[in-house]
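Undergrad:
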Amino acid sequence: MSRPNDLVQGTLDLLLLKILALEPLNGWAISQRLKQVSGDVLQVSDGSLYPALHKLEQEGWITAEWKASENNRRAKFYSLTRLGRRQLRKETESWTRLSQAITQVVRLEEA
Amino acid sequence: MRWEHWLYTVPLRLRSVLFRRDVERELDEELQFHLERKIEEFTAQGLSPAEAREAAIRSMDGLEQRKEECRDARRVRLADDTLQDLRYGLRVLRGTPGFTAVAIATIALAIGANAVAFAAFYSVVLRPLNVPRAESLYSVHRTGDGSGNQSYPDYLDFRDRNRSFEELAAYSIVQAGLDAGDAPSRAWVMTASGNYFDVLGIQPYAGRFFHASDERGPNSAPYVVLSHAYWRNRFHGDRGAIGSVVQVNKHPFTVIGVAPPEFTGTLLFFSPDFFVPMVNQEQMAAAEALSDRSLRSVFLTLGHLKRGVTTQQAAADLNSIGADLERTYPKEHGPSTFALARPSLYGDFMGRPVRAFLTALLLLAGLILLAACANLGSLFAARAADRAREVALRIALGAGRGRILRQLLTEAMLISLAGGALGLWGSIALLGWLRAWSPFPQFPVNVPLAPGPAVYAVALLLALASGLLFGAAPIRQILRTDAYDVIKSGARSTQERRITGRDLLVAAQIAICALLVTSSLVAVRGLARSMSSNFGFHPGNALLVETSLEMAGYHGDSAPAMQKRMIEEIGKLPGVSAAGLVDVPPLFNGDVRTASIFHDDADDLRPANAALRPAIYRVSPDYFRAARTALIAGRDFTWHDDSRAPHVAVVNPEFARRMFGGADRALGRHYKLRDGRRIQVIGLVEEGKYQSLTENPKPAMFVPLLQSPSSQTTMVARAQGDPGALAPAIRSELRRLDPGLPSFIQTWNEGLSLVLFPSRVSAAALGILGAIGAMLSLTGIFGLAAYSVSRRLRELGIRIALGGSPRVVLAAALGRAVRVLAFGSVAGLFLGILATQVLASIVYQATPRDPLVMAGVVVSMLLLGIVATWIPAQRALSVDPLRLLRED
Chain A
138 MSRPNDLVQG TLDLLLLKIL ALEPLNGWAI SQRLKQVSGD VLQVSDGSLY PALHKLEQEG
198 WITAEWKASE NNRRAKFYSL TRLGRRQLRK ETESWTRLSQ AITQVVRLEE A
Chain B
10 MRWEHWLYTV PLRLRSVLFR RDVERELDEE LQFHLERKIE EFTAQGLSPA EAREAAIRSM
70 DGLEQRKEEC RDARRVRLAD DTLQDLRYGL RVLRGTPGFT AVAIATIALA IGANAVAFAA
130 FYSVVLRPLN VPRAESLYSV HRTGDGSGNQ SYPDYLDFRD RNRSFEELAA YSIVQAGLDA
190 GDAPSRAWVM TASGNYFDVL GIQPYAGRFF HASDERGPNS APYVVLSHAY WRNRFHGDRG
250 AIGSVVQVNK HPFTVIGVAP PEFTGTLLFF SPDFFVPMVN QEQMAAAEAL SDRSLRSVFL
310 TLGHLKRGVT TQQAAADLNS IGADLERTYP KEHGPSTFAL ARPSLYGDFM GRPVRAFLTA
370 LLLLAGLILL AACANLGSLF AARAADRARE VALRIALGAG RGRILRQLLT EAMLISLAGG
430 ALGLWGSIAL LGWLRAWSPF PQFPVNVPLA PGPAVYAVAL LLALASGLLF GAAPIRQILR
490 TDAYDVIKSG ARSTQERRIT GRDLLVAAQI AICALLVTSS LVAVRGLARS MSSNFGFHPG
550 NALLVETSLE MAGYHGDSAP AMQKRMIEEI GKLPGVSAAG LVDVPPLFNG DVRTASIFHD
610 DADDLRPANA ALRPAIYRVS PDYFRAARTA LIAGRDFTWH DDSRAPHVAV VNPEFARRMF
670 GGADRALGRH YKLRDGRRIQ VIGLVEEGKY QSLTENPKPA MFVPLLQSPS SQTTMVARAQ
730 GDPGALAPAI RSELRRLDPG LPSFIQTWNE GLSLVLFPSR VSAAALGILG AIGAMLSLTG
790 IFGLAAYSVS RRLRELGIRI ALGGSPRVVL AAALGRAVRV LAFGSVAGLF LGILATQVLA
850 SIVYQATPRD PLVMAGVVVS MLLLGIVATW IPAQRALSVD PLRLLRED
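First to last, the protein sequences are chains A and B.
Using the numbering used here, the first residue of the first sequence is number 138, and each one after it goes up by one.
Using the numbering used here, the first residue of the second sequence is number 10, and each one after it goes up by one.
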């Protein structure tokens, strides 16, 4: 049960890109931020976070750098690349389109 | 866009493969950091450190699986696994150096043999001539005998009247004496039409070529173009040689240029020393080469076909010109039709046997590779069985069968690539040696075998394919492995089947090897027999003395006088029992002159009406005695049979049968030559071989040299003892007679080398392949025997412990290997007998039904079996039951 059932496939990528677009973060901080912004609605297990991050890194959308964390420990910080920004725009657009379409379908009055 | 993607990803992928350890460490560190934060969080919630740690790890949902997912994200799984397999494979192979060495050697032999065979096939058959636009270059050949010769006037007609060729060039090959101010030496000359170099479209290395514009009638272009090699060797690469005047056959010629190094004429195998214009042909060959329409002095005509003209259209064009020539010149022309072919191997004339031989060689090499693969396949299968426990353990620990197969295949690939590289290296060395080899000292013959990218590519492909082939042998075994069963009771519990696939592989391989051994023995035996068959003369202890009167300036009447003096003086030398002259000795370079003859009552002496075209030999008195050709009836020639005496001839029985209806009816009868001369048969000599060893009986006639003079003669000198010891005396005698006379002396056996070359080469090639085959069967049997001993060590130990005699132990250990060997050998011998037809086409008088060959094969295979099973047998007999039973 690595991926939460209610998280639409592929949305995790969008969330991660969006979070990293705000500021570079390490894995732990990303997991905290995810909880914080989405409350308990979007449950992302800690386990599925890292494979997803590594996948984004290998796609060239985010890049990693080892830096000192707030408590002075070495941690791997991820930040968005130019390609990542473009990807974020693309995924945001398609998400918006998809969610609008679904919203319209859901709002249809039953006869 | 795309490149930006690569910019990020390529360094990452490289890093993942090359710095795997760093990447792994970073992964650990990253996850560790997360875990620690998580632990802190749980501790803050009031859990004990141990509980907090457990909860943190649980929150990851399986740490190791997550790591694997991260590794998968790197997308270098395949490369990663392959590297791991390679490292593991190398370790395993290093652990069994004997097996590794045998396997690599086996595949190296096979790949090497294939690389050599393919290089030969490629350089001779596939590769076009090294001139521009070689694909449209064709030569003109007669349908029927495939020869390409024409008379010079005919060539001019074809050149000017055809509408198919852009331009038609011609060349001939003659020998001439070249004197550059030092001693005169013999050289091979290509006399070429003025347009030759321009038709081929090549440029000189230095100086200039001659052109069509240089031709202004007979002997109008005394120019020499040197080949690059001859310029380097004879003129030491001196550019000052260009413009100098040299004597060719005592005529002054000017050196005008040097051909480029890669151009060695348009005939593969043959590199002339220099080129002279064909209009000066008569200074080279002295006959009326340029004007006589019945003298086919042009060796080959060739040119580029016009765009859009097919070879059939061109042949039809030439045929119509030929038919017209036949109508116009009925006395000189027989009917002839033409076909187009490639000039590099003189069309099909030489091309067909060469292609057939090289194809056969390629097939045999392929068989070797198959045998090697069968051999290694069985070795690998045996090894996989030995490693059943390891494989079962890995399967039990969760390794996929695909992954295990890939690992075994990687090992096979390592072996085959290493062997391929080794084999290729060996074949390059061998090819280099063959290239430098000049099989006939008196001919500029070379073997144009160059390893090139095509050869490397084929060797690599073959190595990969054979790696896949023998690496695939254990697949079924692996797929069927029942991990539980094997680990519980060891590999030995599997039922011993009566015949396994492995046995069949080895038997097939032995059969192929026995076939190769059979063919090599057949070839060697055929060669030995052809050396001792009856040629119609005795080449043993006779010398051939070639003198070039032409090159020394003897013409007309001065030549016969000199010839007579040579015979008298050399015949008087101590140690010489007889000496005689012949224009071209029989079986000499496959060169036979023929003449059209007519019945005595014939009036219309045109070639189409000829009764017979026998071989003609112009000989001096005493030639038969010197050649030891037996006179069956009648008399030999004397010095009185000269131009003033009645014309006479000595014929062979085939001539007598075909012309007069019986060997005993020829003496005293007459026939006519084309010029109308009546000739009386005065003698009958034994049948002989004239052109090739494999020919059917051919009619031949011998006429006195004094009645049909020839300035080109070879002296046959019969020695009483060792002919080699006589050569210096003859040479100094010739120098005394005329210091400016170039001569070449060899034993008659050496003179036969060209005729024997095909059977010698095929015997050598088959011999080598047979030896490789023998070695392969050695390793194959060894592998099987060693495997069956090691597999049954425990059983053998028990037999010995129970007091089994060595015979019983050996029968148990090696019975199977010996049975497989016997079965394979018999099958191979049988295949050899089936392949008789194929072998006979390559090797003269080849038959595997020869009892000596049969016995040879049986003895060889027996010896191979004994050698191959020796070490395993020793191991089986020295089994120490105590240690063995204790160990397992």
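Backbone N, C-alpha and C fix where the C-beta goes; we use that ideal spot for every residue, glycine too.
Values in this document were obtained by computation on a predicted structure and should not be read as measured data.
Tell me the DSSP secondary structure of residue 213/A in three-state form.
TA: Looking at residue 213/A - three-state DSSP - the assignment turns out to be strand.
Undergrad: Around the C-beta of residue 115/B, are 16 or more other C-beta atoms found within 10 angstroms, so that it is buried, or is it exposed?
TA: When all chains shown are included, residue 115/B counts as buried.
Undergrad: Please confirm whether residue 204/A has its beta-carbon closer than 8 Å to some beta-carbon of chain B.
TA: No - not a single Cβ of chain B is within 8 Å of the one on residue 204/A.
Undergrad: Using a beta-carbon distance cut-off of less than 7 Å, what residues from the segment 65-77 of chain B approach chain A?
TA: The residues in question are 68, 69, 70, 71 and 75.
Undergrad: Considering just the uninterrupted stretch of the alpha helix (DSSP H) at residue 251/B, what are its terminal residues?
TA: Run containing residue 251/B: none; DSSP gives neither H nor E here.
Undergrad: I'd like to know whether the C-beta of residue 828/B is nearer than 8 Å to at least one C-beta of chain A.
TA: Not one chain A Cβ lies under 8 Å of residue 828/B.
Undergrad: Determine, for residue 151/A, whether the minimum Cβ-Cβ distance to residues of chain B falls below 8 Å.
TA: For residue 151/A, the answer is no, since every Cβ of chain B falls outside 8 Å of its Cβ.
Undergrad: Can you tell me whether residue 225/B is buried or exposed, with buried defined as 16 or more other CB within 10 angstroms of its CB?
TA: It is exposed - the Cβ of residue 225/B has fewer than 16 other Cβ atoms within 10 Å.
Undergrad: Among the residues of its own chain, which have a CB less than 7 Å from the CB of residue 715/B, if the five just before and after it don't count?
TA: 569, 650, 651 and 652.
Undergrad: Output needed for residue 357/B: all residues of its chain with C-beta closer than 8 Å, excluding positions within five of it in sequence on either side, in chain order.
TA: Once the five neighbours on either side are set aside, the close Cβ partners of residue 357/B are 150, 155 and 350.
Undergrad: How many Å lie between residue 502/B and residue 106/B at the Cα?
TA: Because residue 502/B sits at a pLDDT of 42, beneath the cut-off of 50, its placement in the model cannot be relied upon, and the point is left open.
Undergrad: Among 191/A, 158/A and 173/A, whose alpha-carbon lies nearest the alpha-carbon of residue 22/B?
TA: For residue 22/B, the nearest C-alpha among the options comes from 191/A.
Undergrad: Just the chain B side, please: which residues come within less than 7 Å of residue 195/A by C-beta, in chain order?
TA: Near residue 195/A (Cβ distances below 7 Å), the residues of chain B are 18, 21, 82, 83 and 84.
Undergrad: Let's test the definition: count the other Cβ atoms within 10 Å of the Cβ of residue 627/B and tell me whether it reaches 16, buried, or not, exposed.
TA: Classification of residue 627/B: buried, given that the 10 Å Cβ count is 16 or more.
Undergrad: Name the chain B residues that come within less than 7 Å of residue 170/A, Cβ to Cβ?
TA: Near residue 170/A there are no residues of chain B at all, since even the closest Cβ is about 13 Å away, more than 7 Å.
Undergrad: Where are the alpha helix (DSSP H) runs, 4 residues long or more, that stay fully inside the segment 152-179 of chain B, in chain order?
TA: Within the segment 152-179 of chain B, the complete alpha helix (DSSP H) runs of at least 4 residues are 161-170.
Undergrad: Can you pull the chain B residues whose beta carbon is under 9 Å from the beta carbon of residue 240/A, in chain order?
TA: Near residue 240/A there are no residues of chain B at all, since even the closest Cβ is about 32 Å away, more than 9 Å.
Undergrad: Give me the DSSP bridge partner(s) of residue 204/A.
TA: According to DSSP, which records beta bridges pairwise, residue 204/A is partnered with 212/A.
Undergrad: For a quick check, are the C-beta atoms of residue 149/A and residue 168/A less than 8 Å apart?
TA: No; because the gap between Cβ atoms is not below 8 Å, this pair is not in contact.
Undergrad: What residue range is occupied by the uninterrupted alpha helix (DSSP H) comprising residue 239/A?
TA: Counting along the chain, the alpha helix (DSSP H) containing residue 239/A begins and ends at 219-244.
Undergrad: Identify, in the order they occur along the chain, each residue of the same chain with its Cβ nearer than 7 Å to the Cβ of residue 12/B, setting aside the five sequence neighbours on each side.
TA: Once the five neighbours on either side are set aside, residue 12/B has no close Cβ partner at all.
Undergrad: Kindly indicate if chain A contains any beta-carbon less than 8 Å away from that of residue 40/B.
TA: With 8 Å as the cut-off, residue 40/B counts as an interface residue toward chain A.
Undergrad: Residues of the segment 215-243 of chain A with a CB closer than 8 Å to any CB of chain B: list them in chain order, please.
TA: Answer in chain order: 218, 219 and 220.
Undergrad: With burial defined as no fewer than 16 other Cβ atoms inside 10 Å of the residue's Cβ, what is the status of residue 872/B: buried or exposed?
TA: When all chains shown are included, residue 872/B counts as exposed.
Undergrad: Against chain A, with Cβ distances strictly below 8 Å, would residue 901/B count as a contact?
TA: Here chain B has residues from 10 to 897 only, and residue 901/B is not among them.
Undergrad: In three-state terms, what does DSSP make of residue 340/B?
TA: It is coil, neither helix nor strand.
Undergrad: Using CA atoms only, rank isn't needed, just tell me which of 266/B, 271/B and 289/B is closest to residue 227/B.
TA: The shortest Cα separation from residue 227/B among 266/B, 271/B and 289/B belongs to 289/B.
Undergrad: If we ignore side chains and look at the alpha-carbon of each, how far apart do residue 544/B and residue 706/B end up?
TA: Computed Cα separation, rounded: 11 Å.
Undergrad: Who pairs with residue 560/B in a beta bridge, going by DSSP?
TA: Residue 560/B is not bridged to any residue.
Undergrad: Go ahead and label residue 97/B buried or exposed: buried means 16 or more other beta carbons lie within 10 angstroms of its beta carbon, across all protein chains shown.
TA: Exposed is the call here.
Undergrad: Which residue comes first and which comes last in the alpha helix (DSSP H) that contains residue 17/B?
TA: Taken as a continuous stretch (DSSP letters only), the alpha helix (DSSP H) holding residue 17/B covers 11-27.
Undergrad: Using 8 Å for Cβ pairs, my map puts residue 1/B next to residue 601/B. What's the rounded Cβ distance?
TA: The structure shown does not extend to residue 1/B, since chain B is modelled only from 10 through 897, so no value can be given for it.
Undergrad: Can the beta-carbon of residue 779/B be found less than 8 Å from the beta-carbon of residue 526/B?
TA: Yes. Within cutoff.
Undergrad: Decide if residue 698/B is buried, meaning its Cβ has at least 16 other Cβ atoms within 10 Å, or exposed.
TA: So residue 698/B counts as buried.
Undergrad: Going by DSSP in three states, residue 197/B sits in which element: helix, strand or coil?
TA: Residue state, collapsed to three classes: strand.
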